[in-house]
Every structure is written in C-alpha cells, then in structure tokens.
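Enquirer: Before I ask anything, here is the structure I am working with.
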Amino acid sequence: MIVLMNLRLYSNSVDLEGINKRVDPAMEVTGKLIKQNDSEAVEISNIFHCDGLILCTTEGNTRLVVWNPCTGETRCINPDNPRKCYKNNDRYALGYGSSTSSCHSYKILRSCCYFNDQSLMDAEFEIYDFSTDSWRDLGYITRDLVVFSSGMSLKGNTYWVSGTKDNGFFMLYFDFKTERFGRLPLPYQSFNAEDTAALSVVGDEKLAVLHQSILAFSDEMRIWVTNKIDEAKDLSWSDFLLTVDYGKFNFPYLVNVTSFLLDEENKVAVCSDLDIKDGRRNRIYIVGKGYIYKEVYKETTKGSDINWPLLLSYVPSLVNIQENTRLVVWNPCTGQTKWIKRSTFYRRDDLYCLGYVNSKSSYHSYKILRYCFYYNNEKVCVCEFEIYDFSSDSWRVLDDCTHNWGLFCDGMSLKGNTYFVAGEQETGFFMLYFDFKTERFERLPLPYQSFNCKDTAVLSVVREEKLAVLHQNILAFSSEMRIWVTNKIDEAKNLTWSNFILTVDYDRFNLPSVTNVSSFLLDEENKVAVCCDRDMDDEDKTRIYIVGENIYKEVYKETIKGSHFNWPLLLSYLPSLVHIQENTPKRQKKRKQEEVS
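Residue numbers (this note's numbering): 11 to 607.
Given below as structure tokens:
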C-alpha cells in the first residue's frame, strides 16, 4: 500500500497473517516513493490512485503530475490556457473512458467550488484528455451537494460519499466514458456534516464504506461492502461486514478515521487518523471484531489540521504515460545524443523512421521521417508526412505524399532507406520503402500477395545486406511460420526473393497457443531465427526463443505482466562512430568559437 503523511508519500507493507490466531500484525515502512533529500523534497498535498497511476497535487496546487511508480515515468499536466494556473481549492480525479485503459483513454476531472463576486456559490468542472493534451469545460454541470470523502477509483470511474440536507447521504460517481455524474444509494441515509464517511476499494472489484457518528460521540464504527461492481446500476450492499466498538479499548478521546483499507476475509481494517491528544501525529492501526486493536505506526513529527493521512491500496502497472513526448537520436557507441525539437504538427500517435541520403552517411545527410494517420472531426482519414533535416535542424511538410495503404510492421532501415510491409485489399501485401534521397515512397513485391490485416508480417535485416520477411496466417489459426530472404540490396529495383529459407510448424512443439511473432533476427547459415512475442496464456509476458525446423528453445521470459500496447522488438545493432552533433546553447557555441579563435 502507499501512504500520504505530512506532505510525503511512502510505500508500506502490512502483514495480517495470523491476526485471528492472536499473532500480532506488523507494518513496515519500506521507504519514500519520492527519493529526495528532505530539504529538496516535493511537498504533495493530495494523491489519487487509478489503475497503477498516481495523480499528485503539490502543496498549494502549484503543480499537477501523473506518475507511474512502477516505471518511473511522470507527466506534468499544464493548467488550462485561459487561467495559466491552478486554484488552491481545485479537486481532481483520474479515470479512463474504456475498459482497455490505454493511455489514450485516460482523463482527469477538475472540480472547484468557490464564492463569486456576488457572494454566491459557484462551481467549475473541466476534463483534461490525455489524447489531446488539453482541457475542456463541462459547462452543463450544476452542483447542489457536498463531498465528504476522498474520491476512490474503481474500473475507470470515481466514487465519493456525498450528501444534501434534503436527501441525506448517497454515493456520487463520475463516469469518465459519458462524462456525467450519477448517484447510487448508501447503506445509511442520515445526514450530518460532522459524521465520518470514508470509501475504500476492496480487491479491485468492490467498494467499502465506513461510517461513524462523530456529533453523537459514538464509539461505534461500521463498515459495509458492495457486491462486485461491473455495472454501477446493479449495486447492492452487504449487512455490516465489520462493526467495531472503540469503547472497548478505553481510548481517552474519540477516534476519527481519515482513511482505511479492508481485509474482507479476516474482517479487519487498517485505519489512519490524527492523534489529537499527541500533537496531531499521523498514526496507522489495525482494528477488528472482538478485542483486536494494534497500533502499527506513529509519526515522530507533529501533524497538521489541514493535511490528513491517506491510505491507498496500490497495484503496479506498466501503463505508458509519456507517449512520444520527446524525440532523441542516440549513438550507444559514443554516448552522444541529439534532442529533436517536436514538429508544430506533432501528435501523440506519430510514428518515425531514421535514414540518410547516401552510403557515406555523413552527419549532414541524416533525416527523420514523421508520419501520422488519424480521423478528423468529419471521420475522414488524414495523412501527414514531414521530414526533419539534421543539416537545417528543422521540419518541413511533404505535401505530395499519398496514402492508400496500411502498414503492418515496424520499419527496418537498410543502406539509408526504410522498408515496411504494407498492403491494400485490391493488390494484397507488398513491400513499401521510403527513399530518403528522393523523399518518395516506392513499392516492391513480396514473395506472397494474400491480404489479411490479421496476418503476422514482420521484416528483419540480415547482415546489413539483405532483408528477410516472416509471414504467418493468424486468422486461420495456422501454426506454420515461413521466412524468405532477398538477394543483396544494392539497387532496390533488382530485388528478388529466395524460396523458403525457413519453414517452421509450431505444432511439432506442442505450444499451448498460436505464436504471434512481433520481431525476429535470422541466422541464414544455420537456418534458425531468434523470435520474440507475448505469451497470451501467461499475462502477455514478453518471451524470446530460438526456433528452426526441428528446434524450439525459450531463452528468456519476463517475470512481470506485459502490456497490450507495448510489443517487444529485437534489432541487430552494429556499432558506429558516426558523430551526432549534440544540442548546444547558442551562448555556449559562441564561447567555444571565441576560445578557438
């Protein structure tokens, strides 16, 4: 789990094994999640967890950051252009609009309530869309309610305990797909603004609500749990899953829980609060039926009335939140890098390839092709092609490029040009290449011409002289994989293909699923291939294996779950001493010139 205490974020582990056998529970603070010196640390005022991502707001709402602790990626969210800043009383929630939960479907809800110039309560609601990197106003929403708990994310939507004097307490949720608020019943309906009301997620499938009547000085805390939430409309609540009478523990004051995590099986809860009799220090304790109470952690520094501790159950995720935000050319042999400024037409689904004009491959001959296909507001497919020239350090549009084909594999570079497997329904599959000298696309034949967009079609470079193509008919559940090789490519127009250099029948190896190769490297002499794919029968984990007509050997398998959106890629790397001019500030360049003169 993760804990927010005193503007710092911590990772924690709790051991509840044996708690009902009178074995003391234990908690270990494994470390700060933001590893900086305390004097330099970012002060985090609030966090929101969704699908392995954490949305952080810094003290005073000066910055808004989405962070994936598992991958280390961060993404700073800029405020809406007209405001250029965030308000101190802004509140946020992170969710997604589709069950695939790809980066393109993530959104942030911003809500803000304040008194306007006429001393009337006003409200603002906005949506930040990851796919467009922009905010938009939800002007149709009115607000006549108060939120009494931190928002909790479950299956893409966000839930709060809310209420009005007329209707009592209820559960409010925001559907990120429809971008609408909805109401659901709570197991209690009394309304008192001083009551403790907290939500928690149970096993990524259910919600739990905790209630305590503070104004009545009640020592009783009650927790209910929902059924599995697939459709919010079918929500139902259990009878009391857990009822705790704090009076049994002889506390000198009333306990006011700020957040909790529930162990449904053992019927115990991990709770956080402020010790109001001891400098408002943050503390975490485990409580359950009978006489189970164990304080497992207490802060050594004084707390604050403003910053309440928050417990969240964290599930790691490999979701990518950067998505083409930066473009860099890197020479691993020399260590040099060159950051490429983004095109003014930049989109998050841009694709790129690198090439050069002639075989001398001097620095000034290198270019980058940017290409992008998307549907505009009129549902018409739009194609964009641009060239970045290293010599001019600038982008320019290729206006006369046409697009009536689809691409079916990553581009492969050979002798300065880039090659793809492409296809269209009328002519079937073919090899498409981009000539960086003429800046034109050209077509070449493939050794097969059938067309099925579900087929596996992958290119690879062989000894920096030839191309190899791999084909497999996935839709027909074919277990046969075939690889062909070209002659040496000096002039693409003289291209010819060999007969099958390698044919592999996967049925021989009794594999449990159809293998869908994402990339490969070919050993032409020994007639074996090094392939990589995702094991769809084992959480999409990346695996690498060597295969031949009578050979199958898995040589590597990831231990962590894979992603539907990031496919593994194998490349044969040939070291080079080609110089990449690193980005140098103009003032520094001038100083260097003066030193030389």
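We treat Cβ as the ideally placed atom computed from N, Cα and C, and that holds for glycine.
Quick caveat, the model's predicted, so the values are computed rather than measured.
For R384, I'd like the list of residues in its chain whose CB is within less than 6 Å of its CB, leaving aside the five on either flank, ordered along the chain.
Expert: The sequence shown places Tyr at residue 384, rather than the Arg named in the question. Only V392 meet the Cβ criterion.
Enquirer: Compare the Cα-Cα distances from G558 to each of E490, D550 and S528 and report the closest residue.
Expert: Of E490, D550 and S528, the residue nearest in Cα terms is E490.
Enquirer: Based on Cα-Cα distance, which residue from T569, V588 and N16 lies nearest to G289?
Expert: That would be N16, whose Cα lies nearest to the Cα of G289.
Enquirer: Straight-line CA distance for D285 to R293?
Expert: Rounded to whole angstroms, D285 to R293 spans 7 Å at the Cα level.
Enquirer: Which same chain residues end up closer than 8 Å to E50 when comparing Cβ atoms and leaving out the 5 residues on each side of it in sequence?
Expert: Low local confidence applies: a pLDDT of 44 at E50 is under 50, so the model's placement there is unreliable, with the coordinate-based value given in what follows. Here the set comprises nothing.
Enquirer: What three-state label does DSSP hand L17 in the structure shown?
Expert: Residue state, collapsed to three classes: coil.
Enquirer: Quick check on this structure: which residue in L584, S210, E534 and L531 has the alpha carbon closest to the alpha carbon of M11?
Expert: Closest by alpha carbon: S210.
Enquirer: Comparing C-alpha positions only, which one of G257, L272, L505 and V338 sits nearest to G300?
Expert: Per the Cα distances, G257.
Enquirer: Would you call the region 499 to 513 and the region 543 to 556 in contact, with 3 or more CB pairs under 8 Å?
Expert: The region 499 to 513 is not in contact with the region 543 to 556.
Enquirer: Checking the sheet assignment: what are the DSSP bridge partners for M181?
Expert: For M181, which the question treats as bridged, DSSP gives the partners V171 and L194.
Enquirer: Tell me where the beta strand (DSSP E) around K117 begins and ends.
Expert: K117 -> beta strand (DSSP E) spans Y116 to F125.
Enquirer: Note down, in chain order, each residue of its chain lying with its Cβ closer than 8 Å to the Cβ of I87, except the 5 sequence neighbours on either side.
Expert: L74, V75, V76, I118 and Y138.
Enquirer: Can you give me the C-alpha to C-alpha distance between K277 and M181, rounded to a whole angstrom?
Expert: The straight-line gap from Cα to Cα measures roughly 23 Å.
Enquirer: Could you tell me whether any Cβ in chain B is nearer than 8 Å to the Cβ of T466?
Expert: Among the chains in the structure shown there is no chain B, since it carries only a single protein chain.
Enquirer: Compute the Euclidean distance between the alpha carbons of I511 and L480, then round it to the nearest angstrom.
Expert: I511 and L480: Cα-Cα distance of roughly 10 Å.
Enquirer: Using 10 angstroms around the beta-carbon of K94, count the other beta-carbons present and answer buried if the total reaches 16, otherwise exposed.
Expert: Unreliable placement is indicated for K94, whose pLDDT of 46 sits below 50; no coordinate value is reported for it.
Enquirer: Check whether the Cβ atoms of K2 and T496 lie closer than 8 Å to each other.
Expert: Only positions 11 to 607 of the chain appear in the structure, and residue 2 is not among them; the question remains open.
Enquirer: What are the boundary residues of the beta strand (DSSP E) that includes H221?
Expert: Taken as a continuous stretch (DSSP letters only), the beta strand (DSSP E) holding H221 covers K216 to Q222.
Enquirer: Can you name the start and end residues of the beta strand (DSSP E) that K299 belongs to?
Expert: It is not in any beta strand (DSSP E) - K299 carries neither H nor E in the DSSP assignment.
Enquirer: Considering only C-alpha positions, which residue in the set D244, Y183, G433 and V212 is nearest to W234?
Expert: If we check each option's Cα against that of W234, V212 comes out closest.
Enquirer: Report the three-state DSSP secondary structure of N292 (helix, strand or coil).
Expert: N292 falls in the strand class under three-state DSSP.
Enquirer: With DSSP run on the structure shown, which of helix, strand or coil describes N504?
Expert: N504 falls in the helix class under three-state DSSP.
Enquirer: Tell me, to the nearest whole angstrom, how far the beta carbon of V13 is from that of L271; I am working on the premise that it is less than 8 Å.
Expert: So it is not a contact: roughly 10 Å between Cβ atoms.
Enquirer: Can you look up D139 in the DSSP assignment and give me helix, strand or coil?
Expert: Of the three classes helix, strand and coil, the one that applies to D139 here is strand, per DSSP.
Enquirer: Go ahead and pull the three-state DSSP assignment for K348.
Expert: The answer is strand: DSSP assigns K348 an E or B state.
Enquirer: If I measure Cβ to Cβ from R85 and keep anything under 6 Å in the same chain, skipping five residues before and after, which residues do I get?
Expert: So the qualifying residues of the chain are V76 and I331.
Enquirer: Consult DSSP for Y324 and reduce its assignment to one of helix, strand or coil.
Expert: Of the three classes helix, strand and coil, the one that applies to Y324 here is coil, per DSSP.
Enquirer: G257 by DSSP, collapsed to three states: which one?
Expert: The answer is helix: DSSP assigns G257 an H, G or I state.
Enquirer: Thinking just about the alpha-carbon of each residue, which of G62, S223 and R291 is nearest to the one in I310?
Expert: Sequence check: residue 310 is Thr here, not Ile. Closest by alpha carbon: R291.
Enquirer: With distance defined between alpha-carbon atoms, name the residue in D517, R518, F519 and V540 nearest to S528.
Expert: Per the Cα distances, V540.
Enquirer: Just checking my contact of N167 with Y183 at CB under 8 Å: how many whole Å lie between their CB atoms?
Expert: Between Y183 and N167 the Cβ distance is about 5 Å, and since that is below 8 Å, they are a contact.
Enquirer: Does the region 411 to 424 come into contact with the region 359 to 366, if we say contact requires no fewer than three beta-carbon pairs (one atom in each stretch) closer than 8 Å?
Expert: They touch, by the three-pair rule.
Enquirer: Sort T81, F395 and N56 by Cα distance to A103 and report the nearest one.
Expert: Closest option to A103, Cα to Cα, is N56.
Enquirer: Assuming the contact rule is C-beta atoms closer than 8 Å, V171 and A207 should be a hit. Round their C-beta distance to whole Å, please.
Expert: Confirmed, Cβ separation roughly 4 Å.
Enquirer: Helix, strand or coil, according to DSSP, for K602 in the structure here?
Expert: At K602, the pLDDT of 43 sits below 50, so the modelled position is not reliable; the number obtained from the coordinates is stated separately. It is helical.
Enquirer: Looking at the structure shown, is D517 part of a helix, part of a strand, or coil, going by DSSP?
Expert: DSSP places D517 in helix when its eight states are reduced to three.
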